[in-house]
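**Q** Just passing along the structure, written as structure tokens.
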Amino acid sequence: MFSHRELANAIRILSMDAVQKANSGHPGMPMGMADIAEVLWNGFLQHNPANPHWINRDRFIVSNGHGCMLLYSLLHFTGYDLTLDDIKQFRQLHSKTPGHPEFGETPGVETTTGPLGQGLANAVGMAIAEKHLAKQFNREGFPLINHFTYVFVGDGCLMEGISHEVCSLAGTLGLGKLIVFYDDNEVSIDGDVHGWFTDNTPLRFESYGWHVLPKVDGHDSEAVRQAILAAQAVTDKPSIICCKTVIGYGAPTLAGTAETHGAALGEIEVAATRENLRWPYPPFVIPTEIYQAWDARVAGHEREQKWNRLFDSYQKTYPDLARELLRRIEKRLPEQWTEAAAALVEKMYQKKETIATRKASQICLNHFSKIVPELIGGSADLTGSNLTHWEGAQAFSKTMPEGQYIYYGVREFGMSAIMNGIALYGGLIPFGGTFLTFSDYARNAVRLAALMRQRVIFIYTHDSIGLGEDGPTHQAIEHTASLRMIPQLSVWRPCDTVESAVAWQKAIESQGPTCLLLSRQNLPYLQREPAQLANIARGGYVLIDCNDVPEVIMMATGSEVALAVAAAEQLSQVGMRVRVLSIPSVDIFLAQDEAYKEHVLPKDVTMRLAIEAGVSVPWYQFVGREGRVIGIDRFGASAPAKDVYKDCGLTVERIVAVTKEMLLKL
């Protein structure tokens, strides 16, 4: 039998050796938190290394993701598909052990972390999902969804503003299955944190409504065990266990210093650490007995098999619920999905309403919420403006976890990262709304949604200068372009009700994140032939055409499409041949085959004009050298929308004038 400390030392040594071999990494946190991790993983964690996706597993998040060698060591020792050779390839190209944990790259990694505080936010989302799905699917005698979400955080995570946003909300929502371990080692990259971080963390979390366990010795295994038991016993509040630790524990001269935070210890200190910890084995040599003591495969298999037997009984007793849970876990949309989506498009096509696309979005929500019960969403304190609430939606709360609407409060960044956690958990499709200009607050979480390819729907209303009187602080200029630049993120800016319906359909069908950019102001319905409807889903299509080869091709998105159509009508009356393209999704259009793109935007028509209420530069990829862009390369102004549009040069008259200038050059 090995002691807790000996098993923890295996983590310390393996982490230290991997960082040393890579000559890059962060050994301090793995060495400092090893004792805590050993107690949690060997005494409490509910998981199965053979099936990292088992739905009722405990979620374990390393929010201080720079210390990922701790996680890799745990996964390796307990029996996940992560070999010693993988550990030796730490931080190397295309390895399963990248420099920060990456979802989808390493079995057992629940989320991509590294931008500090976001793993904590993801964990709040996972705890929300666990509480919601448990209420929806558990029945007496059948606790199918019943587990904890554990998070490791450091000083850096708690300094980041996002930690305040999400922990405040977690306390309000009473997420009793969320347990956070705070690595209180008083050291960050710049040294002793007392120069810049003197918060009373226990008091802070008490004020949030958390259960707080202060001053736990993070190197005393029994103290950690008792703290976990105490945290598990409190079911109406999230818990934070404040663990006093020594960064780089075991390193004889560098422990407790910033030198262990983000660099290899060096050969001399590595050798001295081996001697100090009484570890006689050379690098990457782990005794078989250590592996046997850590191995969680048999226990994990038995744990999941027991759950499977419970689920078999559940299927017989509640067959409809069982089918629904499996459908959601497998990310399959309901059988009637295709017909229901087509019906909404047809409804919008027939009604021909002139309304704001934010209102069209709400109509979509009302429709799809009846068909896709896994939708769960909210707004960052802008429900009445974003129109993210739908008929019959109840608020998720401490006492009503079955609610599907989340009032996030003024927490754009926190909301977005929480949504990532909900999506990662599985079985739910999260969406959340704010103004487009405030996507700046949320941007890093949006980026991580794209990096992880999670089905998250970001609803951004008030998408342009069209919001008018609130002025340039609220008027998006560069935001649409900046979102389009994020790889693996789909961005839709619909021009009317029909395009809004298609955008929502594509967002729900997507296996990655989507941004819906929606207007505050009413936009006219634009007439189409039935044959054009199918092409909306291709991201760009011919909306208005001429009888012969076009002299000029106009392209626009969102609220500017109607301006282009009106200008084209005037130009056609004087004999000019104009084609108008609506491009609601640039990324989807660019992903089409070359034949379709050539059909819509033929190369031999070089007179091209792009119109969008935003920065002009990105549109030159479409208009080329000879084309023109009518955009906005300045900030907006506070005035009624029609006046701001005129002030910024986005008018039918200017479009007509610029087009005539272009054609005079032919």
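Under my numbering, think of the first position of the sequence shown as -6, with each following residue one higher.
Cβ coordinates follow ideal geometry from the N, Cα and C atoms, glycine included.
1. Tell whether a beta-carbon distance below 8 Å holds between histidine 125 and phenylalanine 389.
2. Please list, in chain order, all residues of the same chain as valine 365 whose beta carbon is under 8 Å from its beta carbon, the five residues on each side excluded.
3. Taking the alpha carbon of alanine 333 as the point to measure from, which residue in Leu63, Gly107 and His360 has its own alpha carbon closest?
4. Could you give the C-beta distance for glycine 426 and threonine 454, rounded to a whole number, given that I count them as a contact under 8 Å?
5. Tell me which residues share the same chain as threonine 466 and place their Cβ nearer than 8 Å to its Cβ, disregarding the 5 neighbours each side in the sequence.
6. Can you tell me whether phenylalanine -5 is helix, strand or coil according to DSSP?
7. Can you name the start and end residues of the beta strand (DSSP E) that leucine 171 belongs to?
8. For threonine 392, count neighbouring Cβ atoms within 10 angstroms of its own Cβ and tell me buried if that reaches 16, exposed if not.
9. Please decide whether glutamine 355 counts as near chain B, where near means a Cβ-Cβ distance under 8 Å.
10. Confirm the yes/no value for this check: CB of glycine 407, any heavy atom of the ligand FAD, distance under 7 Å.
11. I need the straight-line Cα distance from leucine 171 to isoleucine 234, nearest angstrom please.
12. Counting Cβ pairs, one atom from each stretch, are 3 or more of them under 8 Å apart for the stretch 49 to 68 and the stretch 261 to 276?
13. On the three-state DSSP scale, how would you describe threonine 644?
14. Comparing C-alpha positions only, which one of Pro523, Leu270 and His140 sits nearest to histidine 40?
15. So, with DSSP's three-state summary, where would you put methionine 547?
16. In angstroms, rounded to a whole number, what distance separates the CA positions of asparagine 35 and tryptophan 287?
17. Output yes or no for whether 8 Å exceeds the beta carbon distance between glutamate 346 and threonine 490.
18. Compare the Cα-Cα distances from alanine 410 to each of Val291, Ala442, Gly396 and Tyr400 and report the closest residue.
19. What would DSSP say about aspartate 28, mapped onto helix, strand or coil?
20. Assuming glycine 107 and histidine 69 are in contact, meaning their beta carbons sit under 8 Å apart, how far apart are those beta carbons, in whole angstroms?
21. Applying the criterion that 16 or more other CB atoms from any shown protein chain within 10 Å of the CB defines a buried residue, is glutamine 285 buried or exposed?
22. If you check the beta carbons only, do alanine 414 and methionine 119 fall under 8 Å apart?
23. Give me, in chain order, the residues of the same chain whose beta-carbon lies closer than 8 Å to that of isoleucine 54; leave out the 5 immediate sequence neighbours on both sides.
24. Output needed for aspartate 210: all residues of its chain with C-beta closer than 7 Å, excluding positions within five of it in sequence on either side, in chain order.
25. Helix, strand or coil: how does DSSP classify arginine 320 here?
26. Shortest alpha-carbon distance to arginine 320 belongs to which of Ser66, Phe130 and Ser578?
27. Does the beta-carbon of alanine 527 have 16 or more other beta-carbons within 10 angstroms, so that it is buried, or is it exposed?
28. Curious, which full-length beta strand (DSSP E) runs of at least 3 residues does the stretch 422 to 457 contain?
29. Out of curiosity, what's the CA-to-CA distance linking methionine 152 and phenylalanine 190?
30. Taking buried to mean at least 16 other C-beta atoms within 10 Å of its own C-beta, is threonine 310 buried or exposed?
31. Can you check whether the CB of arginine 290 is closer than 8 Å to the CB of glycine 72?
32. Report the CB separation of tyrosine 242 from histidine 204 in whole angstroms; it is logged as a contact under 8 Å.
33. Roughly how many angstroms separate the alpha carbons of tyrosine 585 and arginine 531, rounded to a whole number?
34. Could you check if threonine 76 is buried or exposed, using at least 16 other CB atoms within 10 Å of its CB as the buried criterion?
35. Mind checking whether isoleucine 121 and glycine 407 have CB atoms under 8 Å apart?
36. Identify whether glycine 371 lies in helix, strand or coil by the three-state DSSP scheme.
**A** For this structure:
1. The residue given as residue 125 occupies position 132 in the sequence shown. The residue given as residue 389 occupies position 396 in the sequence shown. Their beta carbons are under 8 Å apart, which means histidine 125 touches phenylalanine 389 by this criterion.
2. By 1-based counting over the sequence shown, the position of residue 365 is 372. Result list for valine 365: Leu326, Pro327, Trp330, Ile422 and Ile501, in chain order.
3. Sequence index remark: in the sequence shown, residue 333 carries index 340 (1-based). For alanine 333, the nearest C-alpha among the options comes from His360.
4. Walking along the sequence shown from the start, residue 426 turns up at place 433. Walking along the sequence shown from the start, residue 454 turns up at place 461. That pair is a contact at about 6 Å.
5. Taking the sequence shown and counting its residues from 1, the one referred to as residue 466 is at position 473. Excluding residues within five positions, the ones whose Cβ falls inside 8 Å are Thr430.
6. Residue mapping note: residue -5 aligns to position 2 of the sequence shown, counting from 1. Three-state DSSP puts phenylalanine -5 in coil, outside helix and strand.
7. Within the sequence shown, numbered from 1, the residue matching residue 171 stands at position 178. Its beta strand (DSSP E) spans residues 171 to 177.
8. What you label residue 392 is simply residue 399 of the sequence shown in a count that begins at 1. Exposed, by the Cβ-count rule.
9. Looking for chain B here will not work: only one protein chain is present.
10. In the structure shown, the ligand FAD is absent, as is every other ligand, since no ligand is present at all.
11. Within the sequence shown, the letter at position 178 stands for residue 171. Within the sequence shown, the letter at position 241 stands for residue 234. Leucine 171 and isoleucine 234: Cα-Cα distance of roughly 11 Å.
12. no
13. Counted from its first residue, the sequence shown places residue 644 at position 651. Threonine 644 falls in the coil class under three-state DSSP.
14. Residue numbering aside, residue 40 sits at position 47 when the sequence shown is read from its first letter. Cα-wise, what sits closest to histidine 40 is His140.
15. On the sequence shown, position 554 is the one that residue 547 refers to. Correct three-state label for methionine 547: strand.
16. Against the sequence shown, residue 35 aligns to sequence position 42. Against the sequence shown, residue 287 aligns to sequence position 294. Approximately 7 Å, taken between the alpha carbons.
17. Indexing the sequence shown from 1 puts residue 346 at position 353. Indexing the sequence shown from 1 puts residue 490 at position 497. Contact check for glutamate 346 against threonine 490 passes: the beta carbons are separated by less than 8 Å.
18. The residue you call residue 410 lines up with position 417 of the sequence shown. Looking at the Cα atoms, Ala442 is the closest of the given residues.
19. Translated into the one-based positions of the sequence shown, residue 28 becomes position 35. Of the three classes helix, strand and coil, the one that applies to aspartate 28 here is helix, per DSSP.
20. Taking the first residue of the sequence shown as position 1, residue 107 is located at position 114. Taking the first residue of the sequence shown as position 1, residue 69 is located at position 76. Incorrect: roughly 20 Å between the Cβ atoms, too far for contact.
21. Position 292 of the sequence shown holds residue 285. Exposed.
22. Taking the sequence shown and counting its residues from 1, the one referred to as residue 414 is at position 421. Taking the sequence shown and counting its residues from 1, the one referred to as residue 119 is at position 126. According to the sequence displayed, residue 414 carries glycine and not alanine. Going by C-beta atoms, glycine 414 is nearer than 8 Å to methionine 119.
23. In the sequence shown, residue 54 corresponds to position 61, counting from 1. Cβ within range, chain order: Glu103, Thr104, Thr106, Gly112, Leu113, Asn115, Ala116, Met119, Thr142, Tyr143, Val144 and Phe145.
24. Taking the first residue of the sequence shown as 1, we reach residue 210 at position 217. Once the five neighbours on either side are set aside, the close Cβ partners of aspartate 210 are Ala216 and Lys237.
25. Walking along the sequence shown from the start, residue 320 turns up at place 327. Here arginine 320 sits in helix by DSSP.
26. As a first step, residue 320 must be located in the sequence shown, where it is residue number 327. Ranking Ser66, Phe130 and Ser578 by Cα distance to arginine 320 puts Phe130 first.
27. Counting from 1 along the sequence shown, the entry for residue 527 is found at position 534. Exposed, because fewer than 16 other Cβ atoms sit within 10 Å of the Cβ of alanine 527.
28. If one requires a minimum length of 3 residues, the beta strand (DSSP E) runs lying completely within the stretch 422 to 457 are 422 to 428 and 450 to 454, in chain order.
29. Taking the sequence shown and counting its residues from 1, one reaches residue 152 at position 159. Taking the sequence shown and counting its residues from 1, one reaches residue 190 at position 197. Rounded to whole angstroms, methionine 152 to phenylalanine 190 spans 7 Å at the Cα level.
30. Position 317 of the sequence shown, counting from 1, holds the residue named residue 310. Exposed, by the Cβ-count rule.
31. As a working note, residue 72 is residue 79 in the sequence shown. As a working note, residue 290 is residue 297 in the sequence shown. Yes.
32. For the purposes of this step, residue 242 is taken as residue 249 along the sequence shown, with counting starting at 1. For the purposes of this step, residue 204 is taken as residue 211 along the sequence shown, with counting starting at 1. 27 Å between Cβ atoms; not a contact.
33. For the purposes of this step, residue 585 is identified with residue 592 of the sequence shown, where counting begins at 1. For the purposes of this step, residue 531 is identified with residue 538 of the sequence shown, where counting begins at 1. It should be noted that the sequence gives glutamine, not tyrosine, for residue 585. Rounded to whole angstroms, glutamine 585 to arginine 531 spans 7 Å at the Cα level.
34. On the sequence shown, position 83 is the one that residue 76 refers to. When all chains shown are included, threonine 76 counts as exposed.
35. Counted from its first residue, the sequence shown places residue 121 at position 128. Counted from its first residue, the sequence shown places residue 407 at position 414. Contact: no.
36. The residue you call residue 371 lines up with position 378 of the sequence shown. Looking at glycine 371 - three-state DSSP - the assignment turns out to be strand.
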